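Chemist: The numbering used here numbers the first residue of the sequence shown as 25 and each following residue consecutively.
We treat Cβ as the ideally placed atom computed from N, Cα and C, and that holds for glycine.
All values reported here derive from a predicted model rather than from experimental measurement.
What follows is a structure written as structure tokens; I'll ask about it next.
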Amino acid sequence: MRPGLSESDRTVLDCLHRLVKASVPELSESLGVTPSAVRQKLARMEAAGLVSKETIREGRGRPHHEFRLTDNGLDSLGGNYRELALLLWREVTAIEDEAIRSRILDRLREAMVHELGRAVTAQSMPERMRQLSTALEARGVDVDVHGFGEGGTLPILTEYNCPFHAVASEDSSICDLEQAVFAEILGTDVELTSCCQKEGSCCEFTVTGSFGS
């Protein structure tokens, strides 16, 4: 299951997938829950990029909204990718030729930077971190940014659920890769100051390099 996706979330997505597109009343009837509960779920899923909304106008009546799954929403129902990710990581890190292994990991880092970084376009560090957190949230990561202007503390990006839990629980070098990706996207030094795979309950990436306001 996609990180941060509850069983009730998946039930809504499954229902919407079967219906292809549906309004709030249609989903409410199919799921047997109140329209307000459906609206709350859909609003959160739309913000996370899992569903899209289309306004339908028919005649002189009030317009209504129809919802459908986005590509990210479809991906979230596509099965459990964690085992595949773990198998691929094992195979890459097991490559004996260090030059080849490093080249593959560099390509992976570049791909991750491209995928997450294309949404990070702001000039100021606070806004760049917020844009990065939004990109992570769209991929199901429960994330928060804080520390700017708070008594001189360093800015921190906190992940409350690990996007690579299956891999990180076996090999913490994936955490180093994620740290390098964030540093390249933000354009400054980033340090992993807390790790949920070690002593912490979350992962904290602290900006330790210089940055503008």
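1. Going residue by residue through the stretch 89-115, where are the continuous beta strand (DSSP E) segments of at least 3 residues, counting only ones entirely within it?
2. Measuring straight from C-alpha to C-alpha, what distance separates residue 27 and residue 84?
3. Suppose contacts are defined by Cβ-Cβ distances below 8 angstroms. Is residue 144 in contact with residue 209 by that definition?
4. Rounding to the nearest angstrom, what Cα-Cα distance links residue 160 and residue 167 in this structure?
5. Candidates 50, 197, 162: which alpha carbon is nearest residue 117's?
6. May I have the straight-line CA-CA distance separating residue 115 from residue 109, to the nearest angstrom?
7. Using the C-alpha atoms, what's the distance from residue 76 back to residue 94?
8. Checking the sheet assignment: what are the DSSP bridge partners for residue 218?
Modeler: Taking the definition as stated:
1. Given a length threshold of 3 residues, the stretch 89-115 has no whole run of the beta strand (DSSP E) inside it.
2. Because the pLDDT of residue 27 is 47, which lies under 50, any placement of that residue in the model is unreliable, and the number read from its coordinates should be weighed accordingly. For residue 27 and residue 84, the distance between alpha carbons rounds to 43 angstroms.
3. Yes, Cβ-Cβ distance for residue 144 and residue 209 is below 8 angstroms.
4. 7 angstroms
5. Proximity to residue 117 across 50, 197, 162 peaks at 197, based on C-alpha coordinates.
6. 10 angstroms
7. 6 angstroms
8. 228
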